[in-house]
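Numbering (this note's numbering), first residue to last: 83 to 281.
Data first, discussion second: the structure below is written as structure tokens.
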């Protein structure tokens with residue numbers, strides 16, 4: 083064979099071999115890259131799930147705290163027979179619609195509605211009480227009516243009976259287990275408490 087032909091064959095063989103080696107290396111690198119991407123996706127998904135669970139846990143606790151604070155504060159205020167020197171507003175989470183929405187996977191529409199209704203009353207009470215700057219006799223009666231409305235929402239016709247309880251010695255569990263509370267709220271608060279403890 084002539085030298086130029088051998089040289090061309092070697093050159094062609096080198097190009098083909100180089101292409102095969104390059105293709106194998108590219109395939110291997112792509113495979114490693116895809117494996118890394120899949121690992122990152124799994125880690126990201128795991129992190130998102132963990133974050134979602136943590137956020138839900140926080141939201142459940144906010145709801146429990148708002149319910150508890152409103153009930154305890156209403157009962158305390160209404161049990162006090164003397165007109166106080168000052169009044170307090172009811173703290174409530176202002177973006178309650180977001181925390182309620184975050185629970186939509188775990189709670190029924192009816193249960194979510196209970197939470198929304200309660201927050202609507204709390205929001206209204208918070209706004210109404212925030213507008214009062216002086217504690218006059220008429221304002222005092224109005225404040226009492228606001229606290230009564232909170233208790234009526236949760237206890238229905240039993241709202242006056244709950245005022246006979248020693249609120250300072252009642253735990254949250256005892257509070258939501260009390261048969262004086264409307265059954266829907268009792269079940270909801272029990273469920274929130276169990277969900278909080280479980281997580």
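For glycine and all other residues, C-beta sits at the position ideal for the given N, C-alpha and C.
Since this is a predicted model, take the numbers as computed values, not measurements.
| field | Cut-off 8 Å between Cβ atoms - residues of its own chain near residue 146, not counting five sequence neighbours on either side | value | 254, 271, 274, 275, 278
| query | Using the C-alpha atoms, what's the distance from residue 166 back to residue 203? | reply | 23 Å
| query | Under the rule that 16 or more other beta-carbon atoms within 10 Å means buried, what is residue 256, buried or exposed? | reply | exposed
| request: Determine, using beta-carbon pairs with one atom in the stretch 234 to 245 and one in the stretch 151 to 167, whether at least three such pairs fall under 8 Å. | output: yes
| Taking the continuous alpha helix (DSSP H) assigned at residue 204, which residues delimit it? | Unbroken alpha helix (DSSP H) run through residue 204: 191 to 212.
| Candidates 261, 210, 182, 190: closest to residue 142 by CA position | For the residues 261, 210, 182, 190, the minimum Cα distance to residue 142 belongs to 182.
| So, helix, strand or coil for residue 174, using DSSP? | coil
| field | Supposed close pair residue 222, residue 264 - CB separation, criterion 8 Å | value | Rounded to whole angstroms, the Cβ separation of residue 222 and residue 264 is 27 Å, and the two are not in contact under 8 Å.
| Can you give the Cα-Cα distance for residue 121 and residue 131, rounded to whole angstroms? | 15 Å
| message | Quick check on the burial criterion: 16 or more other C-beta atoms within 10 angstroms. Buried or exposed for residue 90? | response | exposed
| message | Quick check on residue 233: does DSSP put it in helix, strand or coil? | response | DSSP places residue 233 in helix when its eight states are reduced to three.
| What number of angstroms, rounded off, separates the C-alpha of residue 93 from the C-alpha of residue 85? | 12 Å
| said: Please report the straight-line C-alpha distance between residue 175 and residue 144, rounded to a whole angstrom. | reply: 7 Å
| With C-beta atoms as the reference, is residue 211 less than 8 Å away from residue 225? | In contact: residue 211 and residue 225 (Cβ atoms closer than 8 Å).
| Buried or exposed (CB count within 10 angstroms, at least 16 for buried), residue 200 | buried
| message | Rounding to the nearest angstrom, what Cα-Cα distance links residue 184 and residue 128 in this structure? | response | 18 Å
| query | Secondary structure at residue 162, three-state DSSP: helix, strand or coil? | reply | Three-state result, residue 162: coil.
| query | Three-state secondary structure (DSSP) at residue 157? | reply | helix
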